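J.: Next up is a structure, given as structure tokens.
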Amino acid sequence: MAGENGAGPAQGSPEATLRPAEPPRLAVSSPVLILGGPSPAASELSQRLRGIDVKVLLASSAEAARQAIQVENPELFVVDARASRQVTDMERVLQDLRSSADPSAVLHWFDAGIELESVLRAVHPQDDHMAGAITVQEALRRLHFITARLPQRSEGERLLVGDLELDTAARTVRRGGRDIDLSDTEFRLLRLLMLHARTVLPKAEILQQVWEYEFAGQANIVELYISYVRKKIEADMPRMIHTVRGAGYVLRAAESSTAGSPSAPSAASG
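1 is the number of the first residue of the sequence shown in my numbering; add one for each residue after it.
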């Protein structure tokens, strides 16, 4: 029923109050470390997670897992404990993972015949598990709800280059007092450039650090996202990301912001 002015539903009418809610979005903590041997399920899950801008770390050994968590400090793990996929000394590796990331949670993948005692020993209250055939859609659903149960981290790093500031704890980016909205992939790319401010990073290294090996040989994805980040942090402001022809990209403090502002990145817990 139209209102008196004919412009739409009358205030207080069912048509005015019953509006469709926005559909819920899948939210998974980034990055996710997948520990286990190569498998179709792990490959598909990696692609699906990257499709929603979640960084994926793949580790097929205990040492690779330890190296990954030292660099990225993930709080969410997928551990493939199936007999044909699990890494050597799985229980010790899990202990190392939990001690290196706090808070943390694990989605365990078990064989169909797993004994109850083994499940109870491995799965902690904040964890979840799947047994038998692994359905990636179900794994995504469980990762979503695990993420919601994890307490938010209160510490992180604060990077400052000129008038550009990035805070990993708050997931915020500001330049000259202006908030900048970045996607997860753009955020990771900018963080990498800021961590190595004034250092030229080759496209291959950026590709490996930000996208792992998902886009191996596709350096154009780096160029595309560099352009995205440039448009957002350089809008109506002096340039900070520079192309070094034949070498890669470098981020420097803008000339107009160097006075009275540090040009090298700093990290602080907060």
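Glycine included, C-beta positions come from ideal geometry on N, C-alpha and C.
None of these values were measured; they are calculated from a predicted model.
1) Would you mind reading off the limits of the beta strand (DSSP E) that contains GLY248?
2) Decide yes or no for the touch test of the region 230 to 246 against the region 160 to 180: beta carbon pairs closer than 8 Å, at least 3 of them.
3) May I ask you to report which of helix, strand or coil DSSP gives ARG25?
4) Going by DSSP, what residues sit across from ILE180 in a beta bridge?
5) Assuming GLU44 and VAL136 make a contact with CB atoms under 8 Å, what is their CB distance in whole Å?
6) For ASP80, tell me which candidate among ILE114, ARG50, THR185 has the shortest Cα-Cα distance.
7) Pull the bridge partners of ARG158 from the DSSP assignment, please.
8) On the DSSP bridge assignment, give the partners of ILE241 in chain order.
9) May I ask you to report which of helix, strand or coil DSSP gives HIS144?
10) Is DSSP giving ALA105 helix, strand or coil here?
11) Helix, strand or coil for ASP89? Go by DSSP, reduced to three states.
12) Using the DSSP secondary-structure output, state which residues sit across from VAL32 in a beta bridge.
13) Considering only DSSP beta bridges, list what ALA131 is partnered with.
14) Would you decide whether LEU57 is buried or exposed? Buried here means 16 or more other CB atoms lie within 10 Å of its CB.
15) Using 8 Å for Cβ pairs, my map puts VAL200 next to VAL250. What's the rounded Cβ distance?
16) Return the bridge partner residues of LEU201 from the DSSP annotation.
17) Quick one: give me the first and last residue of the alpha helix (DSSP H) that ARG272 is part of.
T.: The answer reads as follows:
1) Reading the sequence shown from its first residue, position 248 is the one you call residue 248. Counting along the chain, the beta strand (DSSP E) containing GLY248 begins and ends at 248 to 251.
2) Contact check between the region 230 to 246 and the region 160 to 180: three or more CB pairs, one atom from each, fall below 8 Å, which counts as touching.
3) By 1-based counting over the sequence shown, the position of residue 25 is 25. In the structure shown, ARG25 sits in coil (DSSP, three-state: anything other than H, G, I, E or B).
4) Taking the sequence shown and counting its residues from 1, one reaches residue 180 at position 180. ILE180 pairs with VAL173.
5) The sequence position of residue 44 within the sequence shown is 44, counting from 1. The sequence position of residue 136 within the sequence shown is 136, counting from 1. The pair is a contact, with the Cβ atoms about 5 Å apart (cut-off 8 Å).
6) Residue mapping note: residue 80 aligns to position 80 of the sequence shown, counting from 1. Ranking ILE114, ARG50, THR185 by Cα distance to ASP80 puts ILE114 first.
7) As a working mapping, residue 158 is identified with position 158 in the sequence shown. ASP167.
8) Translated into the one-based positions of the sequence shown, residue 241 becomes position 241. According to DSSP, which records beta bridges pairwise, ILE241 is partnered with LEU251.
9) To locate residue 144, count along the sequence shown from 1; it is residue 144. Correct three-state label for HIS144: helix.
10) Working through the sequence shown from its first residue, we reach residue 105 at position 105. Note: ALA105 maps to strand in three-state DSSP.
11) Within the sequence shown, the letter at position 89 stands for residue 89. Here DSSP, grouped into helix, strand and coil, assigns ASP89 to coil.
12) Against the sequence shown, residue 32 aligns to sequence position 32. Residue pairing from DSSP places VAL32 in a beta bridge opposite VAL56, LEU76.
13) Numbered from 1 along the sequence shown, position 131 holds the residue referred to as residue 131. For ALA131, the beta-bridge partners assigned by DSSP are PHE110.
14) Locating residue 57 in the sequence shown gives position 57, counting from the first residue. Buried is the label assigned to LEU57, since at least 16 other Cβ atoms lie within 10 Å of its Cβ.
15) Start at 1 with the first residue of the sequence shown, and residue 200 comes out as number 200. Start at 1 with the first residue of the sequence shown, and residue 250 comes out as number 250. Rounded, the Cβ-Cβ distance is 5 Å, consistent with contact.
16) Numbered from 1 along the sequence shown, position 201 holds the residue referred to as residue 201. Note: LEU201 sits in a beta bridge opposite TYR249.
17) No answer is possible for residue 272: the residues shown for the chain start at 1 and end at 270.
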